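Enquirer:
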Amino acid sequence: MTLQGKIAAVTGGGGGIGRSACELFAQNGALVYILEINKAAAEEASSQIAAAGGTAIAIPTDVSSEESVRAAFAQIQRQSGGIDILYNNASVFWGTKDCALAGMDMAVFERILRINLFGTAYCTKYAIPLLKARGGGSIIMTSSSCGLIGVPNCDAYSASKGGIISMTRSLAVEYGPDGIRTNCIAPAAIHTPMIYESDLNKPEFDENWFLTQKTPLRRWGTAQDIANVALFLASDASSYINGAVIVADAGITIT
Numbered sequence: 002m003t004l005q006g007k008i009a010a011v012t013g014g015g016g017g018i019g020r021s022a023c024e025l026f027a028q029n030g031a032l033v034y035i036l037e038i039n040k041a042a043a044e045e046a047s048s049q050i051a052a053a054g055g056t057a058i059a060i061p062t063d064v065s066s067e068e069s070v071r072a073a074f075a076q077i078q079r080q081s082g083g084i085d086i087l088y089n090n091a092s093v094f095w096g097t098k099d100c101a102l103a104g105m106d107m108a109v110f111e112r113i114l115r116i117n118l119f120g121t122a123y124c125t126k127y128a129i130p131l132l133k134a135r136g137g138g139s140i141i142m143t144s145s146s147c148g149l150i151g152v153p154n155c156d157a158y159s160a161s162k163g164g165i166i167s168m169t170r171s172l173a174v175e176y177g178p179d180g181i182r183t184n185c186i187a188p189a190a191i192h193t194p195m196i197y198e199s200d201l202n203k204p205e206f207d208e209n210w211f212l213t214q215k216t217p218l219r220r221w222g223t224a225q226d227i228a229n230v231a232l233f234l235a236s237d238a239s240s241y242i243n244g245a246v247i248v249a250d251a252g253i254t255i256t
C-alpha cells in the first residue's frame, strides 16, 4: 500500500485520527499537506514527520470557512500543482451541546453542519481540480456510526454524517469517470480526545458493559486503526473500490 510519489491533503491532521493518518501516509512515501485550524498542532505534526524522515507541510485552515479552504488549496496548487489524495477527516462532535432536535439551539446545529458537512464540501470542491491535474486519485470521506443507525441526543452530528454518506455516493458517480474514487470510513468508539464528548462523561456510563456487551471485539478502536483503513483507500490497493462505506466500528452497528 505504498504512496510513494503521491501528494496528500489531510484535514484535521494536527491530532487524533488525522495526525495518525498524516504520519502513516508520510511513512509510506507521500508528501502530506496538513490542513488544520490549530496552527501549533499542525506545525508540531509536520516537524515530527520531518524528524522521522517524511515530508509534511502545515497549512492553517478553517474548514468551515470557504475562503480559508480556497486559500489552502490555492497554496497547494502553487507548490505542488495537484494532489492524489484528499482525506476529509476534520469534524466535531459536541456531545455537551448536541441533543434531541426539539430542544436544540439551532446555532449549534448550524455550526456542527458548517464544520462537518459544509467543510467536507468546501474541501472537496477545491480539491477536485487538483486531483484532475494529477490524472485522478482518491477522496476519503469521514462519516460515523451515527450516519448509519439512529443514535439519540446527537441529531446535528447524525445529520452531518448521514449527509456525508450521501455525498460520497454522489461524488463517486459524478467523478468516477475522471479517475477520482470517493469512499467513506464510518468509525465508532475510537479512543481519541473527541470521545470524551460522548457517553464517557455521563455518570451512568458503564465502560465495562460497553466493552463486553456492546462492542463485539471487546475493545476501543485507536486512531491507528482508522488511519490503516485510510491508507488502504488512499493507495492503489483499493483501485476498484468506489462509492463504498467502510464501517470500522468493531461491529457496534450490527449489535
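Counting along the sequence shown from 1, when you hit position 22 you're at 23 in this note's numbering, and nothing is skipped either side. The beta carbon of each residue, even a glycine, is placed where N, CA and C say it ideally should be. For clarity, every value in this text was computed on a predicted model and none was experimentally measured.
Give the C-beta separation of Tyr34 and Ile60 to the nearest angstrom, bearing in mind that I take them to be a contact with Cβ-Cβ under 8 Å.
Expert: Here residue 34 refers to the residue found at position 33 of the sequence shown. Here residue 60 refers to the residue found at position 59 of the sequence shown. With a Cβ gap of about 6 Å, Tyr34 and Ile60 count as contacting.
Enquirer: For Ser139, which of helix, strand or coil comes out of DSSP?
Expert: Here residue 139 corresponds to residue number 138 of the sequence shown, with the count starting at 1. Ser139: strand per DSSP, three-state reduction.
Enquirer: Beta carbon of Val174, beta carbon of Cys124: below 9 Å?
Expert: As a working mapping, residue 174 is identified with position 173 in the sequence shown. As a working mapping, residue 124 is identified with position 123 in the sequence shown. Against a cut-off of 9 Å, the Cβ pair of Cys124 and Val174 comes out as no contact.
Enquirer: Alpha carbon to alpha carbon, how far is Gly138 from Gly104?
Expert: In the sequence shown, residue 138 corresponds to position 137, counting from 1. In the sequence shown, residue 104 corresponds to position 103, counting from 1. Straight-line Cα distance between these residues: approximately 42 Å.
Enquirer: Counting Cβ pairs closer than 8 Å, one from the segment 96-111 and one from the segment 45-65, do we hit at least three?
Expert: Result no; under three Cβ-Cβ pairs closer than 8 Å.
Enquirer: If you run the structure through DSSP and keep just helix, strand and coil, what is Tyr123?
Expert: Position 122 of the sequence shown, counting from 1, holds the residue named residue 123. Note: Tyr123 maps to helix in three-state DSSP.
Enquirer: Determine, using beta-carbon pairs with one atom in the segment 115-132 and one in the segment 89-98, whether at least three such pairs fall under 8 Å.
Expert: A contact exists between the segment 115-132 and the segment 89-98.
Enquirer: By Cβ distance below 8 Å, which residues in the same chain neighbour Thr213 in space, the five residues on each side in sequence not counted?
Expert: Position 212 of the sequence shown, counted from the start, is the residue given in the question as residue 213. Counting only Cβ-Cβ distances below 8 Å, and skipping sequence neighbours, we find Arg219.
Enquirer: Using three-state DSSP, classify Val93 as helix, strand or coil.
Expert: Position 92 of the sequence shown, counted from the start, is the residue given in the question as residue 93. In this structure, Val93 counts as coil in the three-state DSSP scheme.
Enquirer: Can you tell me which residues form a DSSP beta bridge with Leu32?
Expert: For this step, residue 32 is matched to residue 31 along the sequence shown. The partner list for Leu32 (beta bridge, DSSP) reads Ile8 and Thr56.
Enquirer: Considering only C-alpha positions, which residue in the set Ile58, Ala72 and Leu232 is nearest to Val64?
Expert: Within the sequence shown, residue 64 is the residue found at index 63, counting from 1. Of Ile58, Ala72 and Leu232, the residue nearest in Cα terms is Ala72.
Enquirer: Could you give the uninterrupted runs of the alpha helix (DSSP H) lying entirely in the segment 150-238, keeping only those of 4 residues or more?
Expert: For the segment 150-238, whole alpha helix (DSSP H) runs of length 4 or above, ordered along the chain, are 156-176 and 224-235.
Enquirer: Can you tell me which of Ala157, Ile8, Leu25 and Phe233 puts its alpha carbon nearest to the alpha carbon of Thr97?
Expert: If you number the sequence shown from 1, residue 97 lands on position 96. The residue with the shortest Cα to Cα distance from Thr97 is Ala157.
Enquirer: Give me the Cβ distance between Ala228 and Leu25, rounded to the nearest whole Å; I'm assuming they're in contact under 8 Å.
Expert: To locate residue 228, count along the sequence shown from 1; it is residue 227. To locate residue 25, count along the sequence shown from 1; it is residue 24. Right, their Cβ atoms sit about 5 Å apart.
Enquirer: In the DSSP output, which residue or residues are listed as bridge partners for Pro61?
Expert: The count along the sequence shown starts at 1 and reaches residue 61 at position 60. Looking at the DSSP assignment, Pro61 forms a beta bridge with Glu37.
Enquirer: Please state whether the Cβ-Cβ distance between Gly244 and Thr183 is less than 9 Å.
Expert: In the sequence shown, the residue the question calls residue 244 occupies position 243. In the sequence shown, the residue the question calls residue 183 occupies position 182. Yes, the pair counts as a contact, with Cβ atoms nearer than the cut-off.
Enquirer: If the criterion is Cβ atoms closer than 9 Å, does the pair Ile8 and Thr143 meet it?
Expert: Start at 1 with the first residue of the sequence shown, and residue 8 comes out as number 7. Start at 1 with the first residue of the sequence shown, and residue 143 comes out as number 142. Not in contact: Ile8 and Thr143 (Cβ atoms no closer than 9 Å).
Enquirer: Which word fits Ser159, buried or exposed, when buried means at least 16 other C-beta atoms lie within 10 angstroms of its C-beta?
Expert: Looking up residue 159 in the sequence shown gives position 158. So Ser159 counts as buried.
Enquirer: Do Ser167 and Thr254 count as a contact pair if the criterion is CB distance below 9 Å?
Expert: If you number the sequence shown from 1, residue 254 lands on position 253. If you number the sequence shown from 1, residue 167 lands on position 166. Taking 9 Å as the Cβ cut-off, Thr254 and Ser167 do not qualify as a contacting pair.
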